[in-house]
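Okay, so here's the structure we're looking at.
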Amino acid sequence: MEIYVGKSIRKYYASSKIGLLDRLTGKKPLFVKALDDVSITINEGEVLGVLGESGCGKTTLAKILATLEKPTYGELYFMGKNALKNEEFVRKHVSIVFQNPLLSLNPRLTVEELIYEVNKNKKEVKKLLDLVGLSYDYVKDKYPNELSGGQAQRVAIARALAKNPSLLILDEPTSALDASVQAQILNLLIDLQKELKITYLFITHNISVAKYISDRLMVLYAGKVVEEGSANDIFEKPLHPYTQGLISSVPKFGVKDLRPPSGEAPSLITPPSGCRFHPRCPFAMQICKVKEPPLLEVEGRKVACWLYAR
Amino acid sequence: MASVKDYKTILKMLVKEPAGLTGLIIVSAFLIWSLIQGSLELISIYTKNPRYSYMLLPHNPFAINPALALHPPTLAYLMGTNGEGEDILSRILYAIPRDAFVAIVVVFSSIVIGAVIGILSGYIGGWLDEIFMRITDAFLSLPALILVIAISVPLKANYFGVILGLSIVWWPTYARLFRVQVLEVKNADYVSSAPIYNISKARLFYKYIFLNVIDPILAYATLDLGNVILTYSTLAFIGIGVTPPIPELGAMASNGLSGLPEAWWWPLFPGLTILLIVMGFSLLGDRIQEILMGEVMY
Amino acid sequence: MKGGFIIFLIRRIINAIVTIFLLIVLLFILLHIIAPNPLTLAKIYSGNPHPTYAQLLVVEKEYGLNKPLYVQIITYIWNLLHGNLGEDPIYKVPVINLLSKYIPRTLEITIPATILSVIMGLISGAIAASNRGKGLDYFLRGVYLVTWASPTFLIATVFQLAVAYYLKLLPPYGIVNPALTSPPNITGFPLLNALLAGDWPYFISVLRHMVLPVVSLAVANFGIVTRISRASMLVNMNADYAKLSLMKGLSRRKVVYGVVLRNASIPIVTLIALLFGSSMAGSVAVEDIFQYHGMGWFITNSLLNLDYVGIISTTIIVAISVITANLIADIMYGILDPRVRVIG
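Taken in order, these protein sequences are the chains called A, B and C. Numbering that gives the first Met the number 0 numbers the first residue of the first sequence as 0 and each following residue consecutively. Numbering that gives the first Met the number 0 numbers the first residue of the second sequence as 0 and each following residue consecutively. Numbering that gives the first Met the number 0 numbers the first residue of the third sequence as 0 and each following residue consecutively.
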């Protein structure tokens with residue numbers, strides 16, 4: 000069952016302030032096209048991974064789905080209702096965990112206060128802290144900056160779970176943590192998901208993490224979806240050249256063959272014409288430079304690449 | 000990110016370092032003396048008995064004694080006497096509470112006004128922000144002293160008029176400070192995600208924004224108390240806010256010029272007193288800034 | 000990037016003009032809030048401590064005080080743009096004449112004072128940074144503390160006492176030896192007039208009288224520059240490019256006082272406007288102590304004479320000069336640091 004459906008979402012940000020003088024000199028406003036026609040479907044109970052590198056629009060997507068930002072164009076439906084018109088309803092069921100707990104937790108509140116202000120039930124506060132693996136008595140009077148990175152993130156997770164959400168959005172929740180702690184938090188998240196039967200939207204730039212945790216996967220590049228499908232399928236046989244480049248750019252033990260995509264991420268203000276990946280694509284054809292490929296259905300998943308248009 | 004420190008910790012850290020400790024001692028002495036002497040002066044006014052106001056002083060600051068005029072510092076008159084034979088030390092001690100009162104009132108009201116304008120401006124943004132910033136820019140384009148002089152004449156330049164004038168002119172810096180802090184804090188995830196967790200607007204304003212913004216401002220305010228005293232004494236120097244025969248430190252320094260060069264003690268001691276007091280605030284404010292923010296900014 | 004720079008320039012100039020206008024408007028509004036009754040205002044403008052009712056009416060008519068506020072403001076700005084600041088009720092001459100006599104004399108001490116502050120501050124900051132943690136550093140920081148915490152009048156008094164009275168090195172009062180006749184007034188600046196006329200005794204005399212006021216102002220204000228310069232130097236000394244220069248073999252002295260100092264100076268540019276403003280404010284006390292008849296002295300006198308037209312006019316001229324100084328500093332910063340021009 001689909002619990003969150005987004006259709007053709009676009010999010011444009013003005014890239015510079017237009018003052019009175021600029022209007023007089025005819026300066027045209029430039030936009031950063033953070034998301035350009037992205038459609039997303041989240042199914043109940045699954046872990047949908049969103050994979051992409053910096054600047055691909057994944058945080059923007061997270062904020063829009065969490066009702067913290069409004070899309071410039073596009074439609075959003077949460078549990079059948081129009082999400083843009085029923086913000087309160089969405090906010091009751093959706094929670095979000097950010098990358099850096101020291102920035103996502105009010106430094107002036109103790110752990111107990113942080114969770115209490117979301118769920119005003121002392122017993123629940125203790126239960127939640129237990130659930131994330133923290134000792135209530137030890138942490139309750141501590142401030143976020145007195146905790147280790149892993150502990151603080153556990154608090155953030157507990158706080159997000161405090162309102163019993165049906166969907167938990169996680170924006171790079173482990174990227175700021177050391178590797179061993181990362182693994183602990185990941186396992187915690189997996190356990191929680193199974194136990195509480197929550198749906199996850201898991202955003203990351205780390206391919207191994209995406210592989211570890213996702214049921215389904217969506218790959219974003221320069222504000223557009225380039226590949227979407229079951230995580231196992233994609234990692235076994237990536238179809239889009241960008242996904243292929245990503246997967247082969249992870250150093251694997253024993254493999255001395257790194258082939259990352261060449262070049263750098265494109266500008267979101269003036270993206271390349273046609274397919275946005277074409278300047279870096281080893282398989283670019285004439286049509287790639289001119290026309291944007293639509294999301295084509297190939298082998299049970301979706302790929303935005305002219306290579307598969309037969 | 001500064002960590003939350005309670006007052007006991009701050010005090011402990013202050014006492015450990017010599018510069019901060021010196022500042023603390025000077026400021027405490029200044030404030031405690033102002034409280035005691037100031038209260039005595041008030042009691043003296045209510046009971047219409049002037050003796051209360053100079054009970055603790057070595058001599059009556061208003062006692063004119065031409066025979067003793069322009070005497071250099073001696074054991075009896077530690078800072079010498081002025082042109083009318085009044086004891087300078089007593090006059091200085093009498094004048095000190097007035098400076099304390101001005102500084103506290105002006106800085107406090109500037110924080111309040113500055114907080115309202117700065118936080119609203121920073122949080123709401125848009126054209127409100129533009130207008131407020133233009134206004135603060137206009138105020139800040141002039142040195143405070145000149146601006147106060149300009150509005151002092153219609154304000155009837157007595158003691159309270161000067162306090163009012165300084166308050167009108169002093170808040171823009173605080174509005175700026177609050178606004179900058181709010182802009183930083185506004186973008187932090189814990190503030191931007193607050194709507195999802197159903198945090199009330201009041202709680203948001205106080206626990207999320209105000210408390211996270213107030214630290215650097217308190218540190219600056221400590222330093223700023225010294226600044227107000229400097230400006231206030233210069234105003235007294237040129238005669239604004241002075242009602243003779245009530246002594247004011249700046250006015251004493253100005254009158255004392257007529258004693259130069261022989262009676263050097265007359266203009267110098269009042270000036271040195273101001274130097275000492277402002278130094279205290281400076282040392283204390285710097286150290287507090289270091290403690291709260293981990294570094295000194297201004 | 001020339002086009003970008005011109006736009007940057009225009010934006011800054013428009014900004015400055017808007018600020019001046021806004022200041023004038025705010026002053027008028029403040030004045031009106033404090034003294035809403037036109038007759039009260041008339042009393043203030045009359046310069047007369049006990050005017051008769053008839054006199055008040057005359058003043059009211061003369062300054063248009065019963066007209067609506069916006070009319071008054073527009074009239075004032077219109078007059079201002081034509082160089083008309085009204086007539087001084089005490090001296091009975093156009094205020095602009097008085098100001099053009101006194102302001103250049105003040106500028107003659109505040110501009111050198113600002114420059115001296117910057118130089119003293121940069122050098123002492125560099126020395127303090129390069130001797131970080133050692134006695135010299137603490138000493139300089141102590142000097143900064145004392146001069147910063149001293150009221151300007153204290154510093155001026157001390158200098159007057161020590162140098163003029165005890166050491167008898169320089170004259171304690173005045174702009175110039177009163178026995179000398181002044182050269183023809185071409186520029187309004189006594190120093191420049193003397194230079195142009197080749198009048199050396201006069202020139203030397205003005206110079207000798209300038210030293211104490213300039214040094215007093217500079218000493219009172221240089222502390223901030225020392226502090227920021229020291230901090231900026233420390234940041235730059237630890238920067239990669241500095242270490243690279245050292246590795247290349249340049250002597251430490253050359254690196255610190257050459258490349259590093261140059262880069263560290265950039266933030267100081269933003270201070271220059273602040274220093275100029277402080278000097279202008281400080282001149283009020285300094286000119287009183289040294290009996291230096293410039294704009295500061297004029298303000299103090301106007302206060303005694305209840306000459307409010309003089310005070311308001313001087314305030315506005317001071318505002319214009321400080322805003323101009325700000326503008327120049329902004330532009331200099333734009334020249335030194337190209338990034339600012341793009342962000343605007």
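Heads up, the beta-carbon is just placed ideally off N, CA and C, and yes, glycines get one too.
Which of helix, strand or coil does DSSP assign to residue i?
| i | result |
| --- | --- |
| C:Ile174 | coil |
| A:Ala157 | helix |
| A:Arg300 | strand |
| C:Gly82 | coil |
| A:Lys119 | coil |
| A:Ala65 | coil |
| C:Leu30 | helix |
| B:Asp86 | strand |
| A:Lys288 | helix |
| C:Arg207 | helix |
For residue i versus residue j, is the C-beta distance shorter than 8 Å?
| i | j | result |
| --- | --- | --- |
| B:Ala66 | B:Gly82 | no |
| A:Pro240 | A:Ile246 | no |
| C:Ala127 | C:Leu139 | yes |
| B:Ile208 | B:Tyr122 | yes |
| B:Pro72 | B:Trp263 | no |
| A:Leu102 | B:Ala193 | no |
| C:Ala163 | C:Leu169 | yes |
| B:Ser120 | B:Phe131 | yes |
| A:Glu116 | A:Val124 | no |
| C:Leu302 | B:Ile237 | yes |
| C:Ile310 | B:Val152 | yes |
| B:Ala143 | B:Val168 | yes |
| C:Ala284 | C:Thr151 | yes |
| C:Ala217 | C:Met119 | yes |
| C:Pro200 | C:Asn192 | no |
| C:Leu115 | C:Val205 | no |
| A:Ala310 | A:Val96 | Given that chain A is displayed from residue 0 to residue 309, the structure contains no residue 310 of chain A and the question cannot be resolved. |
| C:Ala328 | C:Ala272 | yes |
Any idea if residue i is buried or exposed, counting beta-carbon neighbours within 10 angstroms, 16 or more meaning buried?
| i | result |
| --- | --- |
| A:Ser14 | exposed |
| A:Asn118 | buried |
| C:Tyr52 | exposed |
| B:Phe268 | buried |
| C:Pro48 | exposed |
| C:Glu107 | buried |
| C:Ile334 | exposed |
| A:Leu127 | buried |
Could you say which of the options lies nearest to residue i if we only look at CA atoms?
| i | options | result |
| --- | --- | --- |
| B:Pro57 | B:Ile35, B:Leu30, B:Tyr205 and B:Ile91 | B:Ile91 |
| A:Glu43 | A:Arg158, A:Tyr12, A:Leu200 and A:Asn186 | A:Leu200 |
| B:Met292 | B:Tyr51, B:Ala218 and B:Gly258 | B:Ala218 |
| B:Pro171 | B:Val105, B:Ala62, B:Leu282 and B:Asn157 | B:Val105 |
| B:Ser311 | A:Leu306, A:Ala151, A:Leu185 and A:Ile63 | Nothing about residue 311 of chain B can be reported from this structure: the residues present for chain B run from 0 to 297 only. |
| B:Phe61 | B:Arg133, B:Arg175, B:Leu20 and B:Pro243 | B:Pro243 |
| A:Leu67 | A:Ser53, A:Val180 and A:Ile168 | A:Ile168 |
| A:Tyr220 | A:Glu235, A:Ile286, A:Thr203 and A:Ser147 | A:Thr203 |
| C:Asp198 | C:Val210, C:Leu80, C:Leu8 and C:Val175 | C:Val175 |
| C:His81 | C:Val259, C:Ala148, C:Leu121 and C:Val94 | C:Val94 |
| A:Lys210 | A:Asp136, A:Ile41, A:Val93 and A:Val49 | A:Val49 |
| A:Pro265 | A:Phe276, A:Leu257 and A:Ile233 | A:Phe276 |
| C:Val308 | C:Phe20, C:Ile322, C:Ile12 and C:Lys91 | C:Lys91 |
Any heavy atom of the ligand MN closer than 7 Å to the beta-carbon of residue i?
| i | result |
| --- | --- |
| A:Ala178 | The ligand MN is absent from the structure shown, which contains no ligand whatsoever. |
Which same chain residues, not among the five before or five after residue i, have their C-beta less than 7 Å away from its C-beta?
| i | result |
| --- | --- |
| A:Leu34 | Ile8, Arg9, Lys10, Gly56, Thr59, Leu60 and Gly222 |
| C:Val254 | Ala241, Ser244 and Leu245 |
Between which residues of its own chain and residue i is the CB-CB distance below 8 Å, once the five residues before and five after are set aside?
| i | result |
| --- | --- |
| A:Leu187 | Val131, Gly132, Arg153 and Ile156 |
| B:Ile118 | Phe177, Arg178, Val181, Phe204, Ile208, Phe209 and Val212 |
Identify, in the order they occur along the chain, each residue of the same chain with its Cβ nearer than 6 Å to the Cβ of residue i, setting aside the five sequence neighbours on each side.
| i | result |
| --- | --- |
| C:Leu38 | Leu55 |
| B:Gly225 | Val277, Phe280 and Ser281 |
| B:Gly270 | Ala252 |
| A:Pro292 | Cys274, Ala303, Cys304 and Trp305 |
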